[in-house]
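S.K.: Listed in order, the protein sequences are those of chains B and U. So the first sequence is residues 3 to 561, counted in this note's numbering. So the second sequence is residues 567 to 907, counted in this note's numbering. Heads up, the beta-carbon is just placed ideally off N, CA and C, and yes, glycines get one too. All values derive from a computational prediction rather than experimental measurement.
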Amino acid sequence: MSVPSPTMTTPDTAGTPRALVDHLHDWVVTVDHKRLGIMYVVTGLVFFVIAGLEAAVMRIQLAWSGLHVVPPETFNRLFTMHGTTMVFLVGIPIVFGFGNYLVPLMIGARDLAFPRLNAFGFWVLVFGGLLLHFSVIGGDGLYGAGSAPAVGWFAYAPLTSKAFTPGNATDYWNLAVFVTGIGTIATAVNLVTTTLIMRGPGMTFGRLPIFVWVMLTVSGMTLMILPPLSAAQIMLVLDRYLGAHYFDTQAGGSAVMWQHFFWFFGHPEVYVLMLPGFGFVSEIIPVFSRKVLFGYPMIVAATVSIGLVGLSTWAHHMFVVGLGGPVTTFFALSTMLIAVPTGMKIFNWLGTMYGGKLIFRTPMLFSCAFLFQFLVAGLTGIMLSVAPFDWQLSDSYFVVAHFHFVLFGGLLFTIFGAVYYWFPKVTGRMLSERLGRWHFWLLVIGFNITFITMHVQGILGMPRRIYTYQPDRGWEIWNFITTLGVPVQAIAVLIFVANVLLSLRRGERAGDDPWDAWTLEWATTSPPPDYNFETIPVTTSRRPLWDLKHPDDPDGPHE
Amino acid sequence: MLRRAGLAWAFVVGLPAVGAAVDGSNSTPSIFAPVSTPAFAIRELAFFVLGITGVIFAVVAGLTLYTIVRYRRRPGDRASEPPQVYGSMQIELAWTVVPFLIVVVLFLVTARYIWSIDARPQPPGAVEVTIVGNQWWWEIRYPKLGIVTANELHVPASDPASPTPTFVTLQSVDVIHSFWVPQLAGKMDVVPNKTNRVWIDPRTPGTYVGQCAEYCGLQHGLMLLIVVVHPREEFDRWVVAQQAPARDDPSARHGRELFASLACINCHTVRGTPANGVFGPDLTHLMTRWTIGAGAARNTHENLRAWVNDPAALKRGALMPAMKVSRADLDTLTNYLVTLK
């Protein structure tokens, strides 16, 4: 432990400036899926801190009625940037970053199918992120004071038209999201192609790790849902600069059409983010339960059917737009149907844990918290699918609570679990278990303080996106509790950052297979060499390493 | 100067308490405190859904907790792997079919409620109101009664035996807003170039609060709405009072002429005078309203004066410009406005 040795992240040549430049140069020009994967995830985590700080300012402003911590225009920019950043620059890069890193390793490939396209996708995404944040300086032109966009992350027309948002801030939102979309499409193409044609010997579809199935599904979905959004964004540019009238209601355009375009992307997008979370726990739970995943075919079927049914539920975001009875009824049904495959997954994970020997290392802790929190998210989701109930809850803090239970209590918890799980593979060192526990428990407490209470504000009639509220509404105490959870979460994230930085240098050496796991990425060294495997491993079942470790009782005959 | 400082201070400490002006009625707009049929129906449905989801939560969370506690690895049994169970068709079918059946039941009930609320025909005795969303205030028109007011909707109480519901037509002149008074009905978006409808039949007289629920720009947070439910006779008296043209108070004649000579009349209507602008709120009976600026401030002489002087001081970004009149003219104008009862 005390002997430093060269690894990818702690190079022994970092002492001299010349070597540092070379080192950085290596990262900039790399086309290696592992390095790009790491850069994706780190980029996502950096933006996560930025967007988290934005949320903290909003919570301080709302801690009590009538506060003036930030003026209304700033508050509106904060929630716009928070939402846009979290979805497009945190969720997407982290999820696809893990896909980048893990998919080739898990299927026994040496890289993705199109390594250069992969690098292009990453740098385009970084460019999109910088473009969005450059609006703070250049939103009204370089000579102006600058302003971040203030149209909300789904940028409803006609608020986005020149008449209501003059200046360039809305264009920064529009183009930045458009550009990140190009990067995401590139990565999706890459993952689909890689999974289809570059699987190692013996890696049939029936043996793909669940995480690979998930990335295949969400990449396929991405290819279907992002182009419509991009198209709508081009229409918006035409509206704003060339006098088109797609969304210009003053000239006969349709505000509702934007919503259809946006949510046709926006709702499946939630699954694009959430399914990889399911993928993470589908890898983590079996290993820490010491049992094979219960009902592999059902989980695959559930994943793919969530992907398909998820494409036809978008208008449940629009129950209060006035769609009329038939449309509302249809989308209520399609939305409720999603609960079936989602429920199947939860039961399958429980079935995996049942009868196992559960080991509560940090990745498993995060996965267990995910089970409870995602259950709440799913059940509030059912409430929202009941259209008349949604007429009350839509656009209230209840919805804010719901989707933070999905994306924070669900996705982010699984991401943290995944970081603790694969960090040893990526860096060759373990994250500190002690700091990991502090991180976990503080995050669970802080998260639940903040987001359980938010349901209450919604039920008491508090709309989302208001920068302040009246003192007599009975919302103050709940908002105050909501805000109390924020510092707890902030400390948890700080501990996580400290854990990563400390463990990079001083973490316990991991070895190739610290968790005694079963998928192919654990068959190579930690960190894996550039070419991933010395010899491409032959896959004999869904758990190739189990077969190696238990030659007397291989998986094959049971599948 | 002192007055301005005081005003600014009041603004910093807390926005004017709209609810306090509302006769002490409960001003928490809880969706579980309905007074009107759609809100009652939604609460009924909500209890049903909460019941189902509550049971599911108890069962699944209980199973999870049991599994975590029961099957945690104990010291001493790390020697071997537990038995590997690859799946079970019967069990998996069970936990697919049972949720599916629950979904079917839930869907049928939901569909019934959607249609019962959505498809209600308008009875002959219904009050018709058109509410027009503006950045950031509500225009409220009674086309059949010839009344135009703002930010405070007055409706009669509806006796279930002989219902007199109010049917609201929703339109927007600019961006999307959303009409939400939780105790009366679910929200309905107010969409430009689209006409939406919603109905209410409040049974209990009182005052109910709501506010815009769809982000509509800078002052989305200050686009409040008050609904006053009157007993029938009181509502009729209110209608008669609102139908009257503006009061012509001889003591404020000078102010009235000043008002008509300024840009005020480009945007505001005062019925019975030359002022017939349509962009801003109708001021014919301005002083019957509790607030100015859709809840930005209590409608007092002092606040009105501050508002006319510079609306942005009370509501940043308000589309009404600062009138930049002399202090004397400001007093004259305000003294006129407060006669508009």
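So who's on the other strand from residue 397 of chain B, going by DSSP bridges?
M.R.: For this step, residue 397 of chain B is matched to residue 395 along the first sequence. DSSP lists no partner for residue 397 of chain B.
S.K.: Have a look at residue 430 of chain B and residue 505 of chain B and give me their C-alpha separation to the nearest angstrom.
M.R.: Reading the first sequence from its first residue, position 428 is the one you call residue 430 of chain B. Reading the first sequence from its first residue, position 503 is the one you call residue 505 of chain B. Each residue's alpha carbon lies about 10 Å from the other.
S.K.: Residue 569 of chain U: buried (16+ other C-beta within 10 angstroms of its C-beta) or exposed?
M.R.: Position 3 of the second sequence, counting from 1, holds the residue named residue 569 of chain U. Only weak support exists for where residue 569 of chain U lies, its pLDDT of 41 falling under 50; the value from the coordinates is given anyway. It counts as exposed.
S.K.: With a threshold of 9 Å between beta-carbons, can residue 484 of chain B be considered close to chain U, or not?
M.R.: The residue labelled residue 484 of chain B in the question sits at position 482 within the first sequence. Closer than 9 Å: no.
S.K.: Looking at the structure shown, is residue 284 of chain B part of a helix, part of a strand, or coil, going by DSSP?
M.R.: In the first sequence, counting from the first residue as 1, residue 284 of chain B sits at position 282. DSSP places residue 284 of chain B in helix when its eight states are reduced to three.
S.K.: Taking a contact to mean a Cβ-Cβ separation below 9 Å, would you say residue 97 of chain B touches residue 191 of chain B in this structure?
M.R.: Counted from its first residue, the first sequence places residue 97 of chain B at position 95. Counted from its first residue, the first sequence places residue 191 of chain B at position 189. Going by C-beta atoms, residue 97 of chain B is not nearer than 9 Å to residue 191 of chain B.
S.K.: Go ahead and pull the three-state DSSP assignment for residue 391 of chain B.
M.R.: Sequence index remark: in the first sequence, residue 391 of chain B carries index 389 (1-based). Residue 391 of chain B: helix per DSSP, three-state reduction.
S.K.: For residue 872 of chain U, decide whether its Cβ has a neighbour in chain B, counting only Cβ atoms nearer than 9 Å.
M.R.: One-based indexing of the second sequence puts residue 872 of chain U at position 306. No, residue 872 of chain U does not count as interfacial toward chain B.
S.K.: Give the C-beta separation of residue 155 of chain B and residue 89 of chain B to the nearest angstrom, bearing in mind that I take them to be a contact with Cβ-Cβ under 8 Å.
M.R.: Walking along the first sequence from the start, residue 155 of chain B turns up at place 153. Walking along the first sequence from the start, residue 89 of chain B turns up at place 87. Residue 155 of chain B to residue 89 of chain B, Cβ: 6 Å. Contact.
S.K.: Along the alpha helix (DSSP H) that carries residue 109 of chain B, what are the first and last residues, could you check?
M.R.: On the first sequence, position 107 is the one that residue 109 of chain B refers to. Note, residue 109 of chain B: alpha helix (DSSP H), 94–109.
S.K.: Given a threshold of 16 other Cβ atoms within 10 Å of its Cβ, counted over all protein chains shown, does residue 252 of chain B qualify as buried or as exposed?
M.R.: Against the first sequence, residue 252 of chain B aligns to sequence position 250. Classification for residue 252 of chain B: exposed.
S.K.: Secondary structure at residue 797 of chain U, three-state DSSP: helix, strand or coil?
M.R.: Taking the second sequence and counting its residues from 1, one reaches residue 797 of chain U at position 231. Three-state DSSP puts residue 797 of chain U in coil, outside helix and strand.
S.K.: Which of helix, strand or coil does DSSP assign to residue 473 of chain B?
M.R.: As a first step, residue 473 of chain B must be located in the first sequence, where it is residue number 471. Here residue 473 of chain B sits in coil by DSSP.
S.K.: Would you mind telling me which residues of chain B sit closer than 8 Å to residue 782 of chain U, beta carbon to beta carbon, in chain order?
M.R.: Translated into positions along the second sequence, residue 782 of chain U becomes position 216. Within chain B, the residues near residue 782 of chain U are 161.
S.K.: State whether the region 864–872 of chain U contacts the region 732–741 of chain U, with contact taken as three or more CB pairs (one from each stretch) at a distance under 8 Å.
M.R.: No, the region 864–872 of chain U is not in contact with the region 732–741 of chain U.
S.K.: Less than 9 Å between the C-beta atoms of residue 1 of chain B and residue 306 of chain B, yes or no?
M.R.: Limits of chain B in this structure are 3 at one end and 561 at the other, which puts residue 1 of chain B out of reach.
S.K.: If we define contact as Cβ-Cβ less than 9 Å, is residue 471 of chain B a contact residue for chain U?
M.R.: What you label residue 471 of chain B is simply residue 469 of the first sequence in a count that begins at 1. Answer yes: the Cβ-Cβ gap between residue 471 of chain B and chain U drops below 9 Å somewhere.
S.K.: Less than 9 Å between the beta carbons of residue 166 of chain B and residue 785 of chain U, yes or no?
M.R.: For the purposes of this step, residue 166 of chain B is taken as the residue at position 164 of the first sequence. For the purposes of this step, residue 785 of chain U is taken as the residue at position 219 of the second sequence. Not in contact: residue 166 of chain B and residue 785 of chain U (Cβ atoms no closer than 9 Å).
S.K.: Would you call residue 744 of chain U buried or exposed, if buried means 16 or more other Cβ atoms sit within 10 Å of its Cβ?
M.R.: Counted from its first residue, the second sequence places residue 744 of chain U at position 178. Residue 744 of chain U is buried by the Cβ-count criterion.
S.K.: Taking its Cβ as the centre, do 16 or more other Cβ atoms sit within 10 Å of residue 871 of chain U, making it buried, or is it exposed?
M.R.: Counting from 1 along the second sequence, the entry for residue 871 of chain U is found at position 305. Residue 871 of chain U comes out buried.
S.K.: Can you check whether the C-beta of residue 786 of chain U is within less than 9 Å of a C-beta belonging to chain B?
M.R.: As a first step, residue 786 of chain U is located in the second sequence; it is residue number 220 there, counting from the start. With 9 Å as the cut-off, residue 786 of chain U counts as an interface residue toward chain B.
S.K.: Would the beta-carbon of residue 749 of chain U fall within 9 Å of that of residue 596 of chain U?
M.R.: Sequence index remark: in the second sequence, residue 749 of chain U carries index 183 (1-based). Sequence index remark: in the second sequence, residue 596 of chain U carries index 30 (1-based). Cβ distance < 9 Å, so residue 749 of chain U and residue 596 of chain U count as in contact.
S.K.: Can you tell which of B:435, B:452, B:360 has its C-alpha closest to the C-alpha of residue 404 of chain B?
M.R.: Along the first sequence, read from residue 1 onward, the residue named residue 404 of chain B stands at position 402. Nearest option by C-alpha distance: B:452.
S.K.: Within 10 Å of its beta-carbon, does residue 23 of chain B have 16 or more other beta-carbons around it, so buried, or fewer, so exposed?
M.R.: Counting from 1 along the first sequence, the entry for residue 23 of chain B is found at position 21. Its Cβ having fewer than 16 others within 10 Å, residue 23 of chain B is exposed.
S.K.: Residues in the same chain with beta-carbon distance under 7 Å from residue 483 of chain B, minus the five sequence neighbours each way, listed in chain order, please.
M.R.: Working through the first sequence from its first residue, we reach residue 483 of chain B at position 481. Cβ neighbours of residue 483 of chain B beyond the five flanking positions: 451, 455.
S.K.: Would you list, in sequence order, the uninterrupted beta strand (DSSP E) runs of no fewer than 3 residues that lie entirely inside the region 415–458 of chain B?
M.R.: As far as the region 415–458 of chain B is concerned, it has no whole beta strand (DSSP E) run of at least 3 residues.
S.K.: Grab the span of the beta strand (DSSP E) containing residue 716 of chain U for me, first residue to last.
M.R.: For the purposes of this step, residue 716 of chain U is identified with residue 150 of the second sequence, where counting begins at 1. Its beta strand (DSSP E) spans residues 713–716.
S.K.: Since I believe residue 524 of chain B is in contact with residue 515 of chain B (beta carbons under 8 Å), could you give me their beta-carbon distance rounded to a whole number of angstroms?
M.R.: On the first sequence, residue 515 of chain B is found 513 positions in, with the first residue counted as 1. On the first sequence, residue 524 of chain B is found 522 positions in, with the first residue counted as 1. Contact flag correct, Cβ pair sits at about 4 Å.
S.K.: Taking only beta-carbon positions, decide if residue 589 of chain U is within less than 9 Å of chain B.
M.R.: Mapped onto the second sequence, residue 589 of chain U falls at position 23. Summary for residue 589 of chain U: the model assigns pLDDT 43, below 50, so the residue's position carries little reliability; its value from the coordinates is reported in the next sentence. Not closer than 9 Å to any Cβ of chain B, the Cβ of residue 589 of chain U fails to qualify, so no.
S.K.: According to DSSP, what are the bridge partners of residue 360 of chain B?
M.R.: Position 358 of the first sequence holds residue 360 of chain B. U:638.
S.K.: Can you look up residue 785 of chain U in the DSSP assignment and give me helix, strand or coil?
M.R.: Your numbering for residue 785 of chain U matches position 219 in the second sequence. Of the three classes helix, strand and coil, the one that applies to residue 785 of chain U here is coil, per DSSP.
S.K.: Which residues of chain U have a Cβ atom closer than 9 Å to the Cβ of residue 475 of chain B, listed in chain order?
M.R.: Taking the first residue of the first sequence as 1, we reach residue 475 of chain B at position 473. By Cβ distance, chain U contributes 585, 593, 594, 595, 775.
S.K.: Would residue 885 of chain U pass as an interface residue toward chain B - the criterion being a Cβ-Cβ separation below 9 Å?
M.R.: Counting from 1 along the second sequence, the entry for residue 885 of chain U is found at position 319. Chain B, which has no Cβ nearer than 9 Å to the Cβ of residue 885 of chain U, makes this no.
S.K.: Chain B partners of residue 748 of chain U, CB-CB under 7 Å?
M.R.: In the second sequence, the residue the question calls residue 748 of chain U occupies position 182. Per Cβ cutoff of 7 Å: 394, 463.
S.K.: Please work out which residues of its chain come closer than 7 Å, Cβ to Cβ, to residue 303 of chain B, disregarding the five sequence neighbours upstream and downstream, and give them in chain order.
M.R.: As a position in the first sequence, residue 303 of chain B is number 301, starting the count at 1. So no residue of the chain qualifies.
S.K.: Between which two residues does the beta strand (DSSP E) containing residue 738 of chain U stretch?
M.R.: Your numbering for residue 738 of chain U matches position 172 in the second sequence. Where residue 738 of chain U is concerned, the enclosing beta strand (DSSP E) stretches over 732–738.
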